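In the working numbering, the protein residues as written are 1 to 711. Read the structure below first, then the notes.
The structure is reproduced here in C-alpha cells:
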C-alpha cells in the first residue's frame, strides 16, 4: 500500500468514475455538478489524513491520477460548494464522504453528532464537526482475479429453481462449516452448502442485499441491527460484514471466489439489489455520501420545499432516476457486478420506484429503456419486486417484456386456497398455470411469474401454518411492526403444540405449499430454511434480528420435509409438463391417428369436466387438472420436439377426504401415484396403478400427483 503522504498528482481521466488501479497508480473521478472544489482524502493506517485537491473537472467530473497509490489505500472525499438546504444544496467540506463508486468499504459508522449536517434538536441549523474519525473509508481494490475457466451456467428461466438466502442466516449454525468462516461469502461456497442446494434442486441462489449497507443507529440503540441489509450506501462494494478476510478490500476477492465455486457447481448467483433509496434517509438523516456530493442530482426532492425528500420507499428518500447521473450510477453498478463480479442476475427491491421518472409509475421510463438496450445488463436475469409504497405502486403484471416479477398474487392466492378460503378456486387455477391473465398481454411467457408463498419478509413456511397472528415483540415496537394480514392459518392452535393431529396437518400444509410452488408453471422460489422447517417463533418481520430468531437451526432440521422438497424438485426437473415455456391454450394436441386431447383439462372430483358455474360457485375447494405432456410446443437443447408423460394433479383443500374419479380412459388408461402430501417418506407405492375413470381417495387438505402409465 502506498505511503498516504504522497502528494504527486497528475490530471488523470474523467472516466471511469471511482478509483481505478492500473498496476502503476490510481485514477480518482467523482461527479458533482454543484461542487466548487473537491478534495481527495487519503488515510494512512494510523488514521493520518492527507488532502489533495483534484486538479481537473470535465463535464462536472472531478478527477486526478496519483502514481504509486495501490490497492488497500483508504480514501474519501470532501466537497466544497453551496449549503442552502431550502434549495436542496447540502455541501459541507467538514463531512468526509464515501465514494459512490467505491469498490470496497472498510470500517463502520460511529453514530455521533459529526455524521449529521445539523445540530441535534435543530434540523435547520448547520453542524461543522469533522466526521472523518466516525466514518468508514472507501478502499482502492485490486481488480485482478484468476477466474480460470469460469463460465456462467446461463440457465433458462423455465429450468430454474431460485433459493432466496441470507449469507449469514443460511450458514451461521451449519455444523460442517468451520467457525472462522460461518456467516461469510466463503461459507456460501463451502461444499456443505453447495451440496444442500443441489440436493433440493436449486439452480440459483438469490442473496439478500450484499451491497455495503449502514447499520441504523436507532436499531443499535435498542441492541438490535439491520440484519436484512436493505439500507445500501455502496452500490459497487460487497459488504465487509460478510467477509472472513480482515484485509481492506479482501471482501472483493472472497466474493469472486464464492461466485466461481457456485458456477463450478452449476449454480447461478442472483443479487437482491436496492437502488430505490440509500442509507442517508430523510432531511434528518446523516451526511455520508450522495447528500454531500450533489443532493439534488441523486435524490427526489419535494418541489415546493427542497429541504424535504420524496419517499416512495418508506425509508426517507428515493433515488432520483430522472437525473442522468443517477441513472448512470445504477447502470454502471449493474454492469460492474455482471462483468467484474460475474453475477447472473438481479432482483430489484421496490422496483416500482425505479419507474417513477416523474411521479407516476411508467414502464416506459428511462431506466427501463436503458436496461432494454444495454448489451450486458439486458442479457442477465432481471426480477422485479413490482411494488413500492407510493400512490399506484402495486404493479404486478405491468413490467415490460424481458422482466420477470415476484408474483404477489400467486403468494396470496395459494395461501388462501390451502387455508380453505371461499371463492379462491378460479384464481388458484390461474396461478397454477402461469398467471396468463397477468403476463400474456405483454407478450411474456409463464416464466415471467416468479412463484413463491414465503420470502424473507413475512412468516416462514412453518410459521405460516402455525400462527394466525404475528409475534414481533422482540423487535421492540410493541408488536406494531410487520404485516397484520398474513393469510396464515395455525391449524387450530397458536404456536407450538404436542397435539399429533395438528402437527400432522401442519406437515401436510407445508408439503402442499411447497409442492404447489414447485409444480406450478413459472419459476419457483424457495425461501431459505423452509425446506428444513425453519421457524422464527411467529416473528414475521425479522429485519432487525441477527440472532437465532432468523438463523437456520441446522440441528433441528426437518429431514422428512427436506426429502420431500428434493423429491418434488426432482419431479419438476424430469418433466417439461411442469415447466412449460408457453401458456396453455386449451386446444387439442394432435397425435398421429387421433384427434388429440386438450393441452389442459379441469375436472370436478366426480370426474366431470368443470363448467363456468363450477368455477363461480364460491365454495369449491377441490379440483383436478390434466396436463397433456404430448406435443409440448417447445424444442429441447438439440432442437427436438419435446414429448413428456401426462399428469393428473388432484387438489383437496376441504377439511374432509374426497373421492376423486380420475379422468375418462381416453385421457389415460392407467395412472401411477408419484406424489402424495398426506404420505410420509417411502409410503407411496409407485408400483401401484390406478385405472382411468376410477375413484381415488385424496385425504383432507392434501394433493396427489399421478403420472400416466405408458400403454
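Every residue gets a Cβ at the ideal spot worked out from N, C-alpha and C, and that includes glycine. Note that the coordinates shown come from a computational prediction; the quantities given were computed from them, not determined experimentally.
Residue i, buried or exposed, once every other Cβ within 10 Å from all chains shown has been counted against 16
| i | result |
| --- | --- |
| residue 655 | exposed |
| residue 504 | exposed |
| residue 605 | buried |
| residue 323 | buried |
| residue 154 | exposed |
| residue 81 | buried |
| residue 592 | In this predicted model, residue 592 has a pLDDT of only 46, less than 50, meaning its place in the structure is not dependable; the value taken from the coordinates is given anyway. Residue 592 is exposed by the Cβ-count criterion. |
| residue 385 | buried |
| residue 209 | buried |
| residue 433 | buried |
| residue 24 | exposed |
| residue 204 | buried |
| residue 569 | buried |
| residue 147 | exposed |
| residue 306 | buried |
| residue 140 | buried |
| residue 689 | exposed |
| residue 619 | exposed |
| residue 65 | buried |
| residue 665 | exposed |
| residue 15 | exposed |
| residue 427 | buried |
| residue 95 | buried |
| residue 237 | buried |
| residue 122 | exposed |
| residue 195 | exposed |
| residue 441 | exposed |
| residue 149 | exposed |
| residue 5 | Reliability fails at residue 5, whose pLDDT of 44 lies under 50, so the model's placement of it is uncertain and no value is given. |
| residue 485 | exposed |
| residue 309 | buried |
| residue 391 | exposed |
| residue 180 | exposed |
Residue(s) in a DSSP beta bridge with residue i
| i | result |
| --- | --- |
| residue 105 | 138 |
| residue 526 | 163 |
| residue 674 | According to DSSP, which records beta bridges pairwise, residue 674 is partnered with nothing at all. |
| residue 211 | 238 |
| residue 25 | 67 |
| residue 659 | 697 |
| residue 126 | According to DSSP, which records beta bridges pairwise, residue 126 is partnered with nothing at all. |
| residue 650 | 624, 704 |
| residue 561 | According to DSSP, residue 561 bridges with nothing at all. |
| residue 20 | 27 |
Best match in the options for proximity to residue i [C-alpha to C-alpha]
| i | options | result |
| --- | --- | --- |
| residue 621 | 566, 699, 646 | 699 |
| residue 225 | 236, 213, 235, 233 | 213 |
| residue 167 | 552, 647, 670 | 552 |
| residue 343 | 326, 377, 315 | 377 |
| residue 479 | 202, 511, 670, 538 | 538 |
| residue 90 | 133, 381, 215, 285 | 285 |
| residue 292 | 92, 611, 17 | 92 |
| residue 647 | 657, 598, 658 | 598 |
| residue 69 | 27, 85, 316, 62 | 27 |
| residue 396 | 424, 431, 379 | 431 |
| residue 515 | 474, 257, 531 | 531 |
| residue 526 | 490, 457, 420 | 457 |
| residue 389 | 416, 353, 410 | 353 |
| residue 412 | 563, 694, 489 | 489 |
| residue 104 | 350, 136, 124 | 136 |
Every unbroken beta strand (DSSP E) within the region 262-313, with a cutoff of 3 residues, ordered by chain: Within the region 262-313, the complete beta strand (DSSP E) runs of at least 3 residues are 268-273.
At least 3 beta-carbon pairs within less than 8 Å: the region 405-419 vs the region 445-452: yes
Beta strand (DSSP E) segments (min. 3 residues) lying fully within the region 137-203: Complete beta strand (DSSP E) runs here, min 3: 137-139, 162-165.
Touch test, the region 220-232 against the region 541-552, Cβ-Cβ under 8 Å, three pairs minimum: Pairwise C-beta distances place the region 220-232 in contact with the region 541-552, as three or more of them are shorter than 8 Å.
Those runs of the beta strand (DSSP E) which lie wholly inside the region 61-106 and span at least 3 residues: 61-67, 74-80
The region 249-264 contacting the region 172-186, beta-carbon criterion three pairs below 8 Å: yes
Every unbroken alpha helix (DSSP H) within the region 367-446, with a cutoff of 4 residues, ordered by chain: 408-418, 425-432, 436-439
Any 3 or more C-beta pairs closer than 8 Å across the region 487-502 and the region 520-534: no
Every unbroken alpha helix (DSSP H) inside the region 450-520 [4 residues or more]: 461-464, 500-519
Three-pair Cβ contact test at 8 Å for the region 186-195 versus the region 260-273: yes
Segment contact flag, the region 3-22 with the region 53-61, C-beta cutoff 8 Å, min 3 pairs: yes
Unbroken stretches of the beta strand (DSSP E), 3 residues or longer, contained in the region 573-629: 588-591, 594-598, 600-603, 622-627
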